[in-house]
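Chemist: Sharing a structure below in structure tokens format, with a few things to ask.
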Amino acid sequence: NAGVMQNPRHLVRRRGQEARLRCSPMKGHSHVYWYRQLPEEGLKFMVYLQKENIIDESGMPKERFSAEFPKEGPSILRIQQVVRGDSAAYFCASSPPLRSTDTQYFGPGTRLTVL
Amino acid sequence: AQTVTQSQPEMSVQEAETVTLSCTYDTSESNYYLFWYKQPPSRQMILVIRQEAYKQQNATENRFSVNFQKAAKSFSLKISDSQLGDTAMYFCAFVASGYSTLTFGKGTMLLVSP
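Top line first, the protein sequences correspond to chains A and B.
Position in the first sequence counted from 1, then plus 4, gives you our numbering.
Position in the second sequence counted from 1, then plus 276, gives you our numbering.
Laid out in structure tokens, this is it:
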């Protein structure tokens, strides 16, 4: 059973470009979460999605950031017009349906560097 | 709002010894879950152990065990017979029942030396 998949593992963007981060949950998981880890910090919640629905986006910056989890395909975290402060590791996690407080399993993360 | 505090930024232990990592949390919720995650140099987040607050028995996973003190809001991780592969950043995390957001502490860097 494959774990949570994220790609790319490393992404380099120049200021003003767009970054797209992809996450495929574990098989059978329908809940996806995105977290951001700044250097020397713990992970901070960004957004929680189920298929075709955003359930909680209280941790998402109001501008430039968006997330989706379409009926088919991976979940995507999109950052428009990136700035240096967006440089961080972005982790996706997934959990099974029905019990949203079940254990979250994490992907390997995408390390975004903004030049 | 919930907070998770890890008061030890760094810890060191020698191979085969036992080490305990501290974690305290603050919440007004009565039912919740606590986790320890490990982040080795590869940066992958790996679940180490999980505890349901309504269970009085401390969780155990092989060499890893917790000391869960609900009244004191304390959730420490004990690693027995430490191995070089245990070298990693360890994060304590909390989620209230009915919610989905994990709240993480800032982490404790554990170095296991030969």
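Note that beta-carbon positions come from the ideal geometry of N, C-alpha and C, so glycine has one too.
#1: Identify, in the order they occur along the chain, each residue of the same chain with its Cβ nearer than 8 angstroms to the Cβ of residue 36 of chain A, setting aside the five sequence neighbours on each side.
#2: Could you give the distance in angstroms between the alpha-carbon of residue 115 of chain A and the alpha-carbon of residue 77 of chain A?
#3: Pull up the CB-CB distance for residue 376 of chain B and residue 59 of chain A, whole angstroms please, since I reckon it's below 8 angstroms.
#4: Give the secondary structure of residue 119 of chain A by DSSP, where H, G and I count as helix, E and B as strand, and everything else as coil.
#5: Straight-line CA distance for residue 296 of chain B to residue 354 of chain B?
#6: So that I know if they touch, is there some Cβ in chain A lying closer than 8 angstroms to that of residue 361 of chain B?
#7: When the Cα atoms are used, what is the spatial distance from residue 308 of chain B to residue 356 of chain B?
#8: Residue 315 of chain B lies in the beta strand (DSSP E); which residues open and close that run?
#9: Roughly how many angstroms separate the alpha carbons of residue 278 of chain B and residue 303 of chain B, rounded to a whole number?
#10: Could you check the C-alpha separation between residue 366 of chain B and residue 117 of chain A for me, to the nearest Å?
Modeler: Well, looking at it:
#1: Excluding residues within five positions, the ones whose Cβ falls inside 8 angstroms are 27, 29, 52, 53, 54, 73, 79, 96, 97, 98.
#2: Roughly 21 angstroms between the two C-alpha positions.
#3: Contact holds; Cβ gap of about 7 angstroms.
#4: DSSP places residue 119 of chain A in coil when its eight states are reduced to three.
#5: Near 4 angstroms, if we compare the C-alpha coordinates of residue 354 of chain B and residue 296 of chain B.
#6: Using a CB distance cut-off of 8 angstroms, residue 361 of chain B does not count as an interface residue toward chain A.
#7: Residue 308 of chain B and residue 356 of chain B have their alpha carbons spaced roughly 26 angstroms apart.
#8: Per DSSP, the continuous beta strand (DSSP E) segment holding residue 315 of chain B begins and ends at 308-315.
#9: Just so you know, the alpha carbons of residue 278 of chain B and residue 303 of chain B end up roughly 5 angstroms apart.
#10: Roughly 24 angstroms between the two C-alpha positions.
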